[in-house]
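J.: Here it is: the structure, laid out below.
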Amino acid sequence: MDDSDLKKLIDELTHDEQEISYRRRLLHGRIDMLRTELVARLQKSEGRSVLEEVDVDRLADILAGKAAPPSEA
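Per my numbering, the very first residue in the sequence shown carries number 238; after that it's consecutive.
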């Protein structure tokens, strides 16, 4: 690999890194917005857990593979 090939590869990888970094920043922004929404919902529910409505036994069955398949509507 000669010098020009190395420079070209460096340029390509730098470009790829910039695209990935941009995507990462977008994802972090979305995460921040979702966290803000979750906090707002928790404040509205006066601190009650959003998991209070979860059927833990059903979830355990699903995770253990014991649950019936979802019915087709």
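The C-beta atom is built at its ideal place from N, Cα and C for all residues, glycine as well.
#1: Between which two residues does the alpha helix (DSSP H) harbouring MET270 extend?
#2: Does DSSP put ASP292 in a helix, a strand or coil?
#3: Please report the straight-line C-alpha distance between SER258 and THR273, rounded to a whole angstrom.
T.: For this structure:
#1: 240-281
#2: coil
#3: 23 Å
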